[in-house]
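Just below is one structure, and these are the notes that go with it.
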Amino acid sequence: MDFKSNHHHKNFIDGVPYATVKRLPFYHRFLTDLSKKEVERISSRELAAKMGINPSQLRQDLCYFGSFGQQGYGYRVNDLLREVNRILGLNQEIKMVLVGGGHLGTALANYDNFSRRGFIIKAIFDKNPEVIGGYIKGIPVLDIKELQEYLRVEPVEIGVITTPAEAAQETADRLVQGGVKAIWNFAPVSLKVPEEVLLENMHISESLLLLSFKLKQRRNQPDPV
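Residue 109 in our numbering sits at position 109 of the sequence shown, with consecutive numbering throughout.
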């Protein structure tokens, strides 16, 4: 995974350590689970243990964003979840377009958790005439040629790329020209985008290769006596 932004030193994002930022989605996941289980409050020690970090690290992480919790009481789960949602920008709807209506694009479009968290895919773009004019999970599939005109009329913040590698850079260029502020790239290629455009790469095959390497290393280790 690769995070790119020009607003800060490479180890910080707007003054917050990148390591802290990377933990925010985990806070969100654990707090959401606790909220669903109707847990009213949790201590920093208990929450830190769930996340595999020490309590002082947890308190330090949260201090970058404000004052949360009470000494001797811990954190109100729903209140802290609401604050983490705000920190992550999940307290408002974020519009997206997806380019590439193949198997991966279809899978992402069908993933309900995006819309539950406020990430709304407004349209899908493809060049395949067999899918253009149809719908995926109620989302219209439009001709890729219409992308920039669509973005002019219906601005969105995030463009999702699920095209083959050879089409990814041209797709990124079109998204940038259409005013998209951030790109979530699933194509197995390194993209070039302007400094002001945020880029997050999700190279699925690379993750699988790393898992294969770790599996091989484990196979080669002698069994414990």
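We treat Cβ as the ideally placed atom computed from N, Cα and C, and that holds for glycine.
Since this is a predicted model, take the numbers as computed values, not measurements.
- Arg-76 sits in a strand when the DSSP states are folded into three classes.
- If only complete runs of 3 or more residues are kept, the segment 170 to 209 shows the beta strand (DSSP E) at 182 to 185, 198 to 201, in order along the chain.
- Rounded to whole angstroms, the separation of the alpha carbons of Val-77 and Ile-42 is 7 angstroms.
- Here Val-180 is not near Leu-199, since their CB atoms are 8 angstroms or more apart.
- Taking the Cα positions, Ala-168 is about 29 angstroms away from Lys-214.
- Under DSSP, Met-96 shares a beta bridge with Ile-121, Ile-158.
- Under a 10 Å Cβ-count criterion, Asp-61 is classified as buried, with 16 or more other Cβ atoms of the shown protein chains found around its own Cβ.
- For Pro-17, the secondary structure class from DSSP, reduced to helix, strand or coil, is strand.
- With fewer than 16 other beta carbons inside 10 angstroms of its own, Tyr-111 counts as exposed.
- With a beta-carbon spacing of about 30 angstroms, Met-96 and Phe-68 fall beyond the 8 angstroms limit used to define contacts.
- Val-141 carries a strand assignment under DSSP once its states are collapsed to helix, strand and coil.
- Boundaries of the alpha helix (DSSP H) around Asn-113: 112 to 116.
- For Lys-50, the enclosing alpha helix (DSSP H) has its first and last residue at 44 to 51.
- Around the beta carbon of Leu-211, fewer than 16 other beta carbons lie within 10 angstroms, which makes this residue exposed.
- Phe-68 carries a coil assignment under DSSP once its states are collapsed to helix, strand and coil.
- Within the same chain, Ala-165, His-203, Ser-205 come within 7 angstroms of Pro-188 by CB-CB distance, once the 5 residues on both sides are set aside.
- Here Ile-161 is near Asn-185, since their CB atoms are less than 8 angstroms apart.
- Here the C-alpha atom of Leu-191 lies approximately 7 angstroms from the C-alpha atom of Ala-172.
- Beta-bridge annotation (DSSP): Ile-132 is not paired with any residue.
- The secondary-structure analysis by DSSP pairs Arg-23 with nothing; it has no beta-bridge partner.
- Three or more Cβ pairs drawn from the segment 14 to 29 and the segment 75 to 93 lie within less than 8 angstroms of each other, which places the two stretches in contact.
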